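Numbering (our numbering), first residue to last: 5 to 366. We put the CB at the ideal spot given by N, CA and C, even for glycine. Predicted, not measured: the structure shown is a model, and the values here were computed from it. Structure record follows, encoded as structure tokens.
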Ligand SMILES: [Fe+2]
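The structure is reproduced here in structure tokens:
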């Protein structure tokens, strides 16, 4: 049969041309498909503080947290959701029963989309004595319930600051044509954590950096500063004063203004800082020392009805036009918040926030 095929030169030429045509067509198809995939818009979902969806005094709204993660899981393909970032305060108090509920909600994302968790002040607020309602700041249970071992075998895991502690960690992703590094930093990162973060961002200076830390933005176009109600830094202490040296040894907490000065403004590859914690959404563009715009965005709805009614943030990146739409959506209510604070466009070319028209879908 094979011998017969090669006996007629004209027929052979026709067959040869046919296969060349098929191969070239397939190559074009593969190329077109790969171009389409790298240029396809992708979405990063932000989960603001979820602490009020189940709290220690018995309020049970875990179904609202479930509605958020179920929605993300259900729309991974059509919205091309490539990453979920929890902005911290996953739980109301760091006790096992609340971690059980929160991790059960987050389980809907398990194995479907990368999830980066940020430690909030409530995630490290451990109950010492239920009788007197005494709490202590500790990452012990946080790291027990969200162990580093859960992350360090994942292909997108980068590294951590302290062995076995996931509150300061970095992760690598490729979205569109861009390589990203995501750094999750502890609540009010200590000086030595900021030193470490500087080294990591510098080491991977070819990657676009996203910083996520719980307490950074205040309401409106402002970062948290010393003395603000929601600042981890309750009062200003002169840098390198005796009191500062004492406080900085262990739990001295830096707020948005300090994180900006000592980390975010210093690197040309830092593009975003995301946070939760403060009352009211905030957004601000500041220019770093290299002239690059840094887009700083905060969201948290925990004080609103039903502990936030399940509002989450959807940041859709358009690689071709270098624009990002930011929408605030509640899967529970099937409702968008379309005011200027909650819905806007980020133009990465011009470095500005722009008005975004009313969407018809997420
Ligand atoms: Fe908080």
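The beta carbon of residue 294 sits closer than 7 Å to the beta carbons of 272 from its chain, once the five residues preceding and following it are set aside; these are given in chain order. Contact check between the segment 173-183 and the segment 101-117: fewer than three CB pairs, one atom from each, fall below 8 Å, which does not count as touching. Shortest Cα-Cα distance from residue 128 to any of 135, 110, 170, 158 involves 170. Between the alpha carbons of residue 178 and residue 214 lies a distance of about 13 Å. Between residue 335 and residue 75, the gap from beta carbon to beta carbon is short of 9 Å. A heavy atom of ligand 1 is found nearer than 8 Å to the CB of residue 53. Only exposed fits residue 114, as fewer than 16 other CB atoms lie within 10 angstroms of its CB. Relative to the non-hydrogen atoms of ligand 1, the Cβ of residue 258 never comes closer than 8 Å to any of them.
Exposure of residue 344 is indicated by the presence of fewer than 16 other C-beta atoms within 10 angstroms of its C-beta. Under the three-state reduction of DSSP output, residue 188 falls in the strand class. Annotation for residue 206: no residue places its beta carbon closer than 6 Å to its own, counting only its chain and skipping 5 residues before and after. A contact is defined here as three or more CB-CB pairs under 8 Å, and the segment 156-164 fails this definition with respect to the segment 135-148. DSSP, read as helix, strand or coil, puts residue 347 in coil.
Beta-bridge partners of residue 227 (DSSP): 221. Chain-ordered, the residues whose CB falls short of 5 Å from any heavy atom of ligand 1 come out as 93, 124, 125, 281. The residue among 188, 211, 359, 355 with its C-alpha nearest the C-alpha of residue 279 is 188. The three-state secondary structure of residue 72, taken from DSSP, is helix. Taking 9 Å as the cut-off, the Cβ atoms of residue 120 and residue 106 do not count as close.
Residue 47 is a Cβ neighbour of residue 85, given a cutoff of 9 Å. Remark: C-beta atoms of residue 313 and residue 53 do not approach each other more closely than 9 Å. If you ignore the 5 residues before and after residue 50, its C-beta comes within less than 7 Å of the C-beta of 89, 91, 278, 303, 316, 317, 319, all in its own chain and listed in chain order. Per DSSP, reduced to three states, the secondary structure at residue 317 is strand.
Beyond the five residues adjoining it in sequence on each side, residue 328 comes within less than 6 Å, by CB distance, of 319, 321, 350 in the same chain, given in chain order.
Excluding sequence positions up to five before and after residue 296, its CB lies within less than 6 Å of the CB of 272, all in the same chain and listed in chain order. In the DSSP assignment, residue 44 falls outside any alpha helix (DSSP H), carrying neither H nor E. Taken in chain order, the unbroken stretches of beta strand (DSSP E) that lie wholly in the segment 78-153 and span 3 residues or more are 85-90, 119-121, 129-133, 138-141.
Contact between residue 220 and residue 185 fails: their C-beta atoms lie close to 17 Å from each other, not under 8 Å. In the DSSP assignment, residue 341 falls within the unbroken beta strand (DSSP E) covering 339-341.
Taking C-beta atoms under 8 Å as the contact rule, residue 257 and residue 180 fail to qualify, at a distance of about 35 Å.
Just so you know, the alpha carbons of residue 216 and residue 144 end up roughly 21 Å apart. Leaving aside the five residues that flank residue 290 on each side, the residues in its chain whose CB is nearer than 6 Å to its CB run, in chain order, 298.
In the structure shown, residue 162 adopts extended strand secondary structure according to DSSP, grouped into three states. In the structure shown, the three-state DSSP call for residue 257 is coil.
Apart from sequence neighbours up to five positions away, the residues of its chain that approach residue 110 with a beta-carbon distance below 7 Å are 73, 119, ordered along the chain. Under the DSSP definition of a beta bridge, residue 214 partners with 186, 276. Counting only the Cα atoms, residue 222 lies some 23 Å from residue 202.
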